[in-house]
Structure formats: structure tokens, C-alpha cells
Amino acid sequence: SDGVVQLNLAQTCIATFAKQGGRLIALPDITAIYDSPHLINIGGPGTTLGPYRIALDYVNNGRDVGPVLARVYLSTDRKVTPDDLLLGEKSISPIPGYTWRYETLADGVLQGTIGTYYLILVLDPLNQVAESDERNNVFINRYTFPCGPAINLAWCFPK
5 SDGVVQLNLA
15 QTCIATFAKQ
25 GGRLIALPDI
35 TAIYDSPHLI
45 NIGGPGTTLG
55 PYRIALDYVN
65 NGRDVGPVLA
75 RVYLSTDRKV
85 TPDDLLLGEK
95 SISPIPGYTW
105 RYETLADGVL
115 QGTIGTYYLI
125 LVLDPLNQVA
135 ESDERNNVFI
145 NRYTFPCGPA
155 INLAWCFPK
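For the sequence shown, position 77 (counting from the first letter as 1) is numbered 81 according to the numbering used here, and the numbering increases by one without interruption.
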């Protein structure tokens with residue numbers, strides 16, 4: 005019968021199984037790890053205002069899954085709204101089951117940004133992949149960008 009199985013692999017992993025042709029098959033479960041999304045300053049030694057690279061660490065804790073869309077937004081709060089800036093999106097190539105990956109989503113973004121913002125990663129934003137846990141597709145990291153000269157941030161928040 006269908007059910008939930010808990011595996012203890014360093015951390016507790018919950019995988020939902022669906023009965024298919026008399027066999028139990030785990031559904032995919034794509035989740036970010038290691039505080040994704042990351043910002044990496046690629047401006048060189050001594051630079052504090054970027055530009056930055058956005059990188060993702062994620063794992064598939066279930067069966068193989070085809071391409072998955074990933075989006076990262078810049079927000080002034082912890083929620084994605086139409087006013088937030090889409091920093092990048094990427095179709096992640098098929099992910100074998102129980103594997104970890106690191107990807108660069110965008111390079112050269114947020115140069116000159118000052119203040120405190122949230123980077124919000126949304127995996128499978130269009131809900132095209134049936135997963136064992138749909139609640140772990142949004143990840144939020146707060147970043148405070150260093151103070152610097154006064155600049156125009158209008159490009160960050162288009163009207």
C-alpha cells in the first residue's frame with residue numbers, strides 16, 4: 005500500500021512512496037542544502053560592492069527527475085511578490101535520485117547594491133514535478149550588502 009518511509013541517513017529523510025505496477029516507487033524530492041542560495045563576491049580582492057555570483061546547492065532525495073526550473077528573487081521581505089526582482093532562472097538538467105549538485109545560476113549581478121535584502125530561491129515554481137514533499141521548495145537567505153557611495157538602486161526594483 006502507499007505510505008511514508010523514514011530513512012536515517014545523517015539526517016532524517018522522509019520519502020513518500022506511490023504504488024506503481026505492484027512496486028513501491030519513491031517520488032522525487034528536490035531541496036536546497038548548505039544555505040542556498042549563496043552569494044559569492046566575484047569583484048576581486050578588496051571589492052565590497054560586487055559583482056556577485058549566485059550559486060545553488062541542492063539534492064534530490066527521491067527517484068530520478070527530469071529538468072526542474074529554479075528561480076532566485078531579490079526581495080525586501082521574506083515573500084515573493086510581483087514587485088520583487090527576478091535575478092535569474094535556470095532549467096536544471098535531469099537529476100538522478102539521491103544525488104547532490106552545485107550550480108551557478110547567475111554571474112555579475114547586484115553590483116553596487118547597498119542595504120539588507122532577501123534572496124529567495126524557488127525550486128519548481130510552476131509545480132510541474134510531483135514530489136514527496138512540496139513544502140521544501142522555497143529557501144530564503146538574508147544578506148546585508150556593505151555600505152558604499154550613494155548610488156541609484158532603481159534598476160533593482162523596476163516599477
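Where is the CB? At the ideal position from N, CA and C, for every residue including glycine.
Practice problem: Note down the Cα distance separating residue 51 from residue 91, rounded to an integer number of angstroms. | Solution: The straight-line gap from Cα to Cα measures roughly 21 Å.
Practice problem: Within 10 angstroms of the Cβ of residue 135, are there 16 or more other Cβ atoms? Answer buried if so, exposed if not. | Solution: Buried is the label assigned to residue 135, since at least 16 other Cβ atoms lie within 10 Å of its Cβ.
Quiz item: So is residue 95 buried or exposed if we call it buried at 16+ other beta carbons inside 10 Å?
Solution: Within 10 angstroms of the beta-carbon of residue 95 lie fewer than 16 other beta-carbons, which makes it exposed.
Quiz item: What residues match up with residue 95 in a beta bridge as DSSP calls it?
Solution: Looking at the DSSP output, residue 95 shares a beta bridge with 73.
Quiz item: Going by the CB atoms, is the gap between residue 99 and residue 72 shorter than 8 Å?
Solution: For residue 72 and residue 99, yes; Cβs fall inside 8 Å.
Quiz item: Where does residue 75 land, buried or exposed, given buried means 16+ other C-beta within 10 angstroms?
Solution: Under a 10 Å Cβ-count criterion, residue 75 is classified as buried, with 16 or more other Cβ atoms of the shown protein chains found around its own Cβ.
Quiz prompt | Beta-carbon separation (whole angstroms), residue 146 vs residue 120, contact threshold 8 Å | solution = Contact flag correct, Cβ pair sits at about 7 Å.
Exercise. Alpha carbon to alpha carbon, how far is residue 53 from residue 115? Give it in angstroms, no decimals.
Key: For the pair residue 115 and residue 53, the Cα-to-Cα distance works out to about 6 Å.
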